[in-house]
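Q: Let me begin by handing over the structure; questions about it come next.
Chains as they are written, first to last, in the numbering used here: chain F, 1 to 243; chain V, 1001 to 1243.
Right, dumping it as C-alpha cells:
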C-alpha cells in the first residue's frame, strides 16, 4: 500500500516503473530501519529539485577483470548504485572488483546496497561523498561530507551490515527533523579526530577517483570462507544492521 | 644511531640486513610519530616470542590484473606488508588492485604502509585484523580486534594519512604503558556502536578472505586526479597523519 503510494508519487515525477520500484524499495527499507533521513522524506525532497531528470541513465564506461567505472550521467545516485549492484550480481567478481562511480549522488543508505550484494553472497565495502557538512574537530567551516562507510558480509541468519556515517548525525536526519544542524560534526566526542580522519580519508579517496563532484567507491569480493558464526558469538547483543 | 642499535638487536634475533632495516625503519617512524605502541617496545616483545622465525618469507600465491593473494608463511606481518608495498610500487595497479594477505600479523602502524604507497603516487586503503580485544558496547567478552583502517592519498605537501584504530586505545598503547586495559573498548562514547560496527565489519571482511588467523586486505588505486589542495582548505588545522 505504502509502496504503491510511493511509486505513484515517483511516477508522477516522471520515473519509469523499474526506477520508481528501485527508489520506493530503498526509501521504504530506510523507513523500516528507522533511517528516516533516507526514507520517504526524500520523495518530498525530489519533488523540490528543479533539474531532476527522471529519464537519465547511468552508464558503465570502462570494465576490466578487477575494475569497473560508471558515470551517473545525471541519474540519481540511488539508480547508479542499483545498476552497479545488478551488474555485480550478474557478473560476480573473480575474485574481487573495485568499482568507481562518478556523478553519483545522492546514494541513500549505503547499507542497503551492500546488503543487497551480501544477500547475493558477495562481500562488499562502499563509501560515497556528499556535500561538505562536517568541520574539523578544532573548528572552521565544513570541509568534508559525512562520508559513510558501509560493509556487508554474508553470515548465518542474514548479512551483517555495518553502515557508519562519520557525523554525529546525518544530513538526512537533519532533513527529517530528527537531528539539529549543530550535530553535523564528526562523531566520537573526545575522539572526534578519529571520525574526522576517516571522513577526510574517504573524501580524498573518492576525490582521487572522480575529481570534482560526488562519487562512490565500492569493493566487492567473493566470500572465500562462507558464513561466519558471528551471530553465535554475539548472542544476545545487537548486531550492526539488524532491525 | 638509534637505527643502528635497533638493527643490531634485530640482527641478534636472526633477521637479515634487509629485514632488520625494514623493521627498524617502521619502529623508529612509529616512535617519531608518538605511536609508541608500534615503536621500539616491539623489539622487546619480539625478543620474548618463543617461535619467532626470522628467516620466514612471505609469498605471493596468486596474481591477476586486479587481485593479488599473499601468505605470510610465518613471516612477521610487517615484512609481508613491506613485500606487498614493494610489489605494488614495482607493478602499479592498472588502475586498481585488491590485495589479500593471510597469516599476516603483527602489521604495525598501518598508516606507515599506506604512506609508503602514497609517497609512490598510489591511493591506498588498508585494514588488518588482530586478536579479539574489543567487546560489544553493551558488554560481554572481547569479540573483535581493534582492526584499524588506514587511508593514504597523495597531496600537495605530502600524503594525507588517516589511520584509525576502532579502540579508545590500541593494544600497542597498553603494551607501551600509555593506556590501561580498560581503554580497550570501541571509541566514541555515546556513539561507540559506530566504532564497534566498523571493527566488526572490517573483521568479517578480512575473515571472509583469510578464514582462520589474522590477515590484511589492501586496496591500491592509481591517483586519477592528482594532488588535492587539502592543506590549503585546512590551513591552520591539524591534518591527519601529519607530525
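We treat Cβ as the ideally placed atom computed from N, Cα and C, and that holds for glycine. None of the values given here were measured: they were computed from a predicted structure.
Got a sec, what are the start and stop residues for the alpha helix (DSSP H) residue 1048(V) sits in?
A: Residue 1048(V) -> alpha helix (DSSP H) spans 1041 to 1048.
Q: Tell me whether residue 1203(V) is buried or exposed, calling it buried when 16 or more other Cβ atoms sit within 10 Å of its Cβ.
A: Result: buried.
Q: Specify, as a first and last residue, the run of the beta strand (DSSP E) that residue 1091(V) falls within.
A: Per DSSP, residue 1091(V) belongs to no beta strand (DSSP E) and is neither H nor E.
Q: Mind pulling the beta strand (DSSP E) runs of 3 or more residues that sit fully within the segment 1048 to 1079 of chain V?
A: 1059 to 1064 and 1067 to 1071, all fully within the segment 1048 to 1079 of chain V.
Q: Would you tell me roughly how many angstroms separate the C-alpha atoms of residue 159(F) and residue 1135(V), rounded to the nearest one?
A: So the alpha carbons of these two residues sit roughly 20 Å apart.
Q: Would you say residue 65(F) faces chain V, with C-beta separation under 8 Å as the test?
A: It does; some Cβ of chain V falls within 8 Å.
Q: For a test of the three-state rule: what should DSSP assign to residue 145(F), helix, strand or coil?
A: Looking at residue 145(F) - three-state DSSP - the assignment turns out to be coil, as it is neither helix nor strand.
Q: According to DSSP, which residues form a beta bridge with residue 163(F)?
A: In the DSSP output, where bridge partners are listed per residue, residue 163(F) has 150(F).
Q: Any beta-carbon of chain V closer than 8 Å to the one on residue 27(F)?
A: Chain V contact via Cβ: absent.
Q: Between 173(F), 190(F), 193(F) and 194(F), which has its C-alpha nearest residue 184(F)'s C-alpha?
A: Selected option, being the one with the closest Cα: 173(F).
Q: Does the segment 70 to 85 of chain F come into contact with the segment 1077 to 1090 of chain V, if we say contact requires no fewer than three beta-carbon pairs (one atom in each stretch) closer than 8 Å?
A: No, because fewer than three Cβ pairs between the segment 70 to 85 of chain F and the segment 1077 to 1090 of chain V fall closer than 8 Å, the two stretches do not touch.
Q: Note the first and the last residue of the continuous alpha helix (DSSP H) segment covering residue 1229(V).
A: No alpha helix (DSSP H) contains residue 1229(V), which DSSP labels as neither H nor E.
Q: Does the CB of residue 142(F) have a neighbour CB from chain V at under 8 Å?
A: Judged by the 8 Å Cβ criterion, residue 142(F) is not in contact with chain V.
Q: Of the residues 1198(V), 1126(V) and 1124(V), which one's Cα is nearest the Cα of residue 1166(V)?
A: Considering only alpha carbons, the answer is 1198(V).
Q: Return helix, strand or coil for residue 1175(V), following the three-state DSSP convention.
A: Three-state result, residue 1175(V): helix.
Q: In chain order, which continuous runs of the alpha helix (DSSP H) of length 4 or greater are located wholly inside the segment 1180 to 1228 of chain V?
A: Segments of the alpha helix (DSSP H) lying fully in the segment 1180 to 1228 of chain V: 1192 to 1210.
Q: Report yes if the C-beta distance between residue 1098(V) and residue 1067(V) is below 8 Å; otherwise report no.
A: The answer is yes: Cβ separation under 8 Å.
Q: Compare the C-alpha of residue 29(F) against each of 53(F), 116(F), 93(F) and 84(F) and name the closest.
A: Residue 29(F) has its Cα closest to that of 116(F), out of 53(F), 116(F), 93(F) and 84(F).
Q: Does the pairing of the segment 213 to 233 of chain F with the segment 117 to 126 of chain F give three or more beta-carbon distances under 8 Å?
A: Touching, per the Cβ criterion.
Q: Is the segment 50 to 57 of chain F touching the segment 4 to 22 of chain F in the sense that three or more CB pairs, one from each, lie closer than 8 Å?
A: Taking 8 Å as the limit for Cβ pairs, the verdict is that the segment 50 to 57 of chain F does touch the segment 4 to 22 of chain F.
Q: Tell me the rounded alpha-carbon separation between residue 1153(V) and residue 1161(V).
A: If you take the alpha carbons of residue 1153(V) and residue 1161(V), they lie about 7 Å apart.
Q: Buried or exposed: where does residue 59(F) fall if 16 or more other Cβ atoms within 10 Å of its Cβ makes it buried?
A: Exposed, by the Cβ-count rule.
Q: Going by C-alpha to C-alpha distance, which of 1039(V), 1096(V) and 1181(V) sits closest to residue 1025(V)?
A: It is 1039(V) whose Cα lies nearest to the Cα of residue 1025(V).
Q: Does the Cβ of residue 1208(V) have 16 or more other Cβ atoms within 10 Å, making it buried, or fewer, making it exposed?
A: Buried, since its Cβ has 16 or more Cβ neighbours within 10 Å.
Q: Should residue 1049(V) go down as buried or exposed, given a rule of 16 or more other Cβ atoms within 10 Å for buried?
A: Its Cβ having fewer than 16 others within 10 Å, residue 1049(V) is exposed.
Q: Using a Cβ cut-off of 8 Å, which residues of the segment 181 to 202 of chain F contact any Cβ in chain V, in chain order?
A: Going along the segment 181 to 202 of chain F in chain order, one finds 187, 188, 189, 190, 191, 193, 194, 195, 196, 197, 198, 200, 201 and 202 with a Cβ nearer than 8 Å to chain V.
Q: From the DSSP secondary-structure annotation, give me the bridge partner or partners of residue 1098(V).
A: Bridge partners of residue 1098(V): 1067(V) and 1219(V).
Q: Are residue 72(F) and residue 102(F) close, meaning C-beta to C-beta below 8 Å?
A: Result yes, Cβ atoms of residue 72(F) and residue 102(F) sit closer than 8 Å.
Q: Using CA coordinates, which residue listed in 1127(V), 1112(V) and 1149(V) is at the minimum distance from residue 1215(V)?
A: Nearest of 1127(V), 1112(V) and 1149(V) to residue 1215(V), Cα basis: 1127(V).
Q: Give me the Cα-Cα distance between residue 138(F) and residue 193(F), rounded to the nearest whole angstrom.
A: Their Cα atoms are separated by approximately 9 Å.
Q: How about residue 200(F) and residue 45(F): do their beta carbons lie closer than 8 Å?
A: No, Cβ-Cβ distance for residue 200(F) and residue 45(F) is not below 8 Å.
Q: Quick one: residues in its chain with C-beta nearer than 6 Å to the C-beta of residue 227(F), no 5 flanking neighbours on either side, listed in chain order?
A: 154, 155 and 156.
Q: Interface residues of chain V around residue 233(F) at Cβ under 8 Å?
A: 1143, listed in chain order.
Q: I believe residue 1163(V) touches residue 1179(V) by the beta-carbon criterion, under 8 Å. Please report the beta-carbon distance rounded to the nearest angstrom.
A: Between residue 1179(V) and residue 1163(V) the Cβ distance is about 16 Å, and since that is not below 8 Å, they are no contact.
Q: Just the C-alpha distance for residue 1003(V) and residue 1041(V), rounded to the nearest angstrom, thanks.
A: Straight-line Cα distance between these residues: approximately 14 Å.
Q: Comparing C-alpha positions only, which one of 133(F), 217(F), 236(F) and 237(F) sits nearest to residue 186(F)?
A: When only C-alpha atoms are compared, the closest one is 133(F).
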